[in-house]
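Chemist:
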Amino acid sequence: MLAYIVRRLLLMIPTLFGILLINFVIIQAAPGGPVEQMIAVLQGHATDATARISGAGDMEIMELSRQGGSDPISSKYRGAQGLDPDLILELERMYGFDKPAPERFVQMLEQYVRFDFGESFYRDQEVVDLVLEKMPVSISLGLWSTLLIYCISIPLGIAKAVRDGSRFDVWTSAVIVVGNAVPSFLFAILLIVLFAGGHYLDLFPLRGLTSSNWDELGLVGKVGDYFWHLALPIFALVIGGFANLTLLTKNSFLDEINKQYVTTAYSKGLSEKRVLYGHVFRNAMLIVIAGFPRAFVHIFFTGSLLIEIIFSLDGLGLLGYEAAIGRDYPVMFATLYFFTLLGLTMQLIGDLTYTLIDRRIDFDSREV
20 MLAYIVRRLL LMIPTLFGIL LINFVIIQAA PGGPVEQMIA VLQGHATDAT
70 ARISGAGDME IMELSRQGGS DPISSKYRGA QGLDPDLILE LERMYGFDKP
120 APERFVQMLE QYVRFDFGES FYRDQEVVDL VLEKMPVSIS LGLWSTLLIY
170 CISIPLGIAK AVRDGSRFDV WTSAVIVVGN AVPSFLFAIL LIVLFAGGHY
220 LDLFPLRGLT SSNWDELGLV GKVGDYFWHL ALPIFALVIG GFANLTLLTK
270 NSFLDEINKQ YVTTAYSKGL SEKRVLYGHV FRNAMLIVIA GFPRAFVHIF
320 FTGSLLIEII FSLDGLGLLG YEAAIGRDYP VMFATLYFFT LLGLTMQLIG
370 DLTYTLIDRR IDFDSREV
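In C-alpha cells, the structure reads:
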C-alpha cells in the first residue's frame, strides 16, 4: 500500500506540470491580458474588475500616460495607440511581462513549489491570503452539501433497489427526475422567492455566511447562525445533486442483487439484512465511493459558483470567476494549482477508501 501511495504522489508532479503548462500557453495567447486591462483603465474604458490601479509606480504610470507618443511597441496591445512607449514598457515591467514567456513559466513553477503565489494584480493583497479568506465559504458549501447528498442518496438508492417496481420506487423516481432536470441555481431562485423575502416568507438571510452580530453570540448561537445562513444554499445544491447518486446506488445494488452469490446466501438461510449489508453493500458501494472525490470537487469549486453569486457568498468559485474575467493571472493560476492539487489528492483518497470496504483489493500489485 505504501509503495502505491508513493507512486501516486510522484505521478501528481507531471500531472500538475502538464495542466499548468497547457493553461499557461492558452492564457498567454488569449487577448485582454493585464497590460491591455490597464491600458483600458488609462483610456477610460475599464471594467469594474480593473478599475482600481494598485502597486508601485502608479503615479509614474499616470504621468507617462499624459505624455502621449507612438511607437511600434504599442501595436502589440489593443487600444495602446497614442500612448507613450515608455508607459507600455512600465506596464509590462509592473506585471512581469518584460520577461520571455518561458522564463516567466519557470519562475512561476519555482514559486509554486514553495507555495508562493505572489500578489493579486488588482486587489493589492497576497493570493494566499485571498484564498484563505474565501475558503471557509466554499468548504462549508462543498462539505455539507456532499455529506447530505451521500446521506440521502445511499439509503434512498438502497430502498429503491429493494423495492424495485413498487409505488415507492415510482414516486421517488418522479422526484429524482425533477431534481435531475432542474438546475441548482433555479432551485436557489425559487427558495429565495419563497423563503428569503422574495414575495412570500422572510425566514432566511439572503447574503453572507454569518450575521453582523456574530462576535456577540455564544457557541450555540454561532452554530445556529452559521447553519441558518447555509440552509438555503445547501438545500439548493442537495436538490440538484442527489439524483444521479441515487440512481447510481440503485443500479449498483440491483446489479449485485441479481448475482449468484446473493441467491446462494439466501439459500443458506441468511436474513435479508445480513445479505444486503454483509455481502451486497460491500460490493455495490465500490462504484459509489469511486465518485466521491469527483462529486466533492464539483460541488466545492464549480457547482457552487452560481449559488455563491445568487446568495452573495464570497467564496473560491466567485474569486476564480472574477479573476478570469479581470485577467488576474496570479489568482487564476494559484486557484488552478490549488484546485488541481486538491482534486488529485481526493482521487487518491477515494482509491484508498476502496480497501476499507473490500479488503480483497490490493493496490500493491497494481501498476499505476
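Letter by letter, the sequence shown follows residues 20 to 387 of my numbering.
Note that beta-carbon positions come from the ideal geometry of N, C-alpha and C, so glycine has one too.
Given a cut-off of 8 Å, decide if I326 and F204 are closer than it, judged by their beta-carbon atoms.
Modeler: Here residue 204 corresponds to residue number 185 of the sequence shown, with the count starting at 1. Here residue 326 corresponds to residue number 307 of the sequence shown, with the count starting at 1. Closer than 8 Å, so yes.
Chemist: From V132, A207, V197, pick the residue whose C-alpha is nearest to that of M31; which is it?
Modeler: On the sequence shown, position 12 is the one that residue 31 refers to. That would be V132, whose Cα lies nearest to the Cα of M31.
Chemist: At the level of alpha carbons, what is the spacing between G216 and P202?
Modeler: Translated into positions along the sequence shown, residue 216 becomes position 197. Translated into positions along the sequence shown, residue 202 becomes position 183. C-alpha separation (whole angstroms): 21 Å.
Chemist: Alpha helix (DSSP H) containing Q279: first to last residue?
Modeler: Here residue 279 is taken as the residue at index 260 of the sequence shown, counted from 1. Taken as a continuous stretch (DSSP letters only), the alpha helix (DSSP H) holding Q279 covers 279-286.
Chemist: At which residues does the alpha helix (DSSP H) containing Y23 begin and terminate?
Modeler: One-based indexing of the sequence shown puts residue 23 at position 4. It spans 21-48 - the alpha helix (DSSP H) in which Y23 sits, taken as one unbroken run.
Chemist: In the DSSP assignment, what are the bridge partners of E122?
Modeler: Taking the sequence shown and counting its residues from 1, the one referred to as residue 122 is at position 103. Per DSSP, none; premise fails for E122.
Chemist: I'd like to confirm the pairing. Which residues does DSSP put opposite A342 in its beta bridges?
Modeler: Your numbering for residue 342 matches position 323 in the sequence shown. In the DSSP output, where bridge partners are listed per residue, A342 has none listed.
Chemist: The alpha helix (DSSP H) spanning V257 covers which residue range?
Modeler: Looking up residue 257 in the sequence shown gives position 238. Element bounds for V257: 238-276.
Chemist: Are three or more beta carbon pairs between the segment 121-138 and the segment 39-50 nearer than 8 Å?
Modeler: yes
Chemist: Closest by CA to D183, which one among S271, P33, Y296, A342?
Modeler: Position 164 of the sequence shown, counted from the first residue, corresponds to residue 183. Ranking S271, P33, Y296, A342 by Cα distance to D183 puts S271 first.
Chemist: Quick one: what's got a C-beta closer than 7 Å to R226's C-beta in the same chain, skipping five residues either side?
Modeler: What you label residue 226 is simply residue 207 of the sequence shown in a count that begins at 1. Result list for R226: F330, S331, in chain order.
Chemist: When the cut-off is 8 Å and only beta carbons count, does A353 lie next to chain C?
Modeler: Of the protein chains in this structure there is only one, and it is not chain C.
Chemist: For Y280 and N263, I'd like the C-alpha separation in whole angstroms.
Modeler: Numbered from its first residue, the sequence shown carries residue 280 at position 261. Numbered from its first residue, the sequence shown carries residue 263 at position 244. If you take the alpha carbons of Y280 and N263, they lie about 27 Å apart.
Chemist: How is D221 classed by DSSP in three states: helix, strand or coil?
Modeler: Locating residue 221 in the sequence shown gives position 202, where the first residue counts as 1. It is a strand residue.
Chemist: So, is A342 buried or exposed, given that buried needs 16 or more other C-beta atoms within 10 angstroms?
Modeler: Here residue 342 refers to the residue found at position 323 when the sequence shown is read from its first residue. Result: buried.
Chemist: In terms of residue numbering, what span does the alpha helix (DSSP H) encompassing Y169 cover?
Modeler: Counted from its first residue, the sequence shown places residue 169 at position 150. It spans 146-181 - the alpha helix (DSSP H) in which Y169 sits, taken as one unbroken run.
Chemist: Measure from the alpha carbon of T282 to the alpha carbon of each residue in K269, H298, T268, then state which is nearest.
Modeler: Within the sequence shown, numbered from 1, the residue matching residue 282 stands at position 263. Comparing Cα positions, the closest option is H298.
Chemist: In angstroms with no decimal places, state the Cα-to-Cα distance between G334 and V156.
Modeler: Stepping through the sequence shown from its first residue, residue 334 is reached at position 315. Stepping through the sequence shown from its first residue, residue 156 is reached at position 137. C-alpha separation (whole angstroms): 5 Å.
Chemist: Let me know if F134 comes out buried or exposed under the rule of 16 or more other beta-carbons within 10 Å of its beta-carbon.
Modeler: Here the question's residue 134 lines up with position 115 in the sequence shown. Exposed, because fewer than 16 other Cβ atoms sit within 10 Å of the Cβ of F134.
Chemist: Taking the CB atoms as reference points, tell me whether V294 and A284 lie closer together than 8 Å.
Modeler: Within the sequence shown, residue 294 is the residue found at index 275, counting from 1. Within the sequence shown, residue 284 is the residue found at index 265, counting from 1. Yes.
Chemist: Which class does M81 belong to by DSSP, given the choice of helix, strand or coil?
Modeler: Residue mapping note: residue 81 aligns to position 62 of the sequence shown, counting from 1. Its pLDDT being 49, under 50, M81 is placed unreliably in this model, and the value from its coordinates should be taken loosely. Looking at M81 - three-state DSSP - the assignment turns out to be helix.
Chemist: Counting C-beta neighbours from all protein chains within 10 Å, is the total for Y219 16 or more, i.e. buried, or is it exposed?
Modeler: Reading the sequence shown from its first residue, position 200 is the one you call residue 219. Flag for Y219 reads exposed.
Chemist: Do you know how far the Cα of L35 is from the Cα of G369?
Modeler: By one-based count along the sequence shown, residue 369 stands at place 350. By one-based count along the sequence shown, residue 35 stands at place 16. The alpha-carbon atoms of G369 and L35 are separated by roughly 19 Å.
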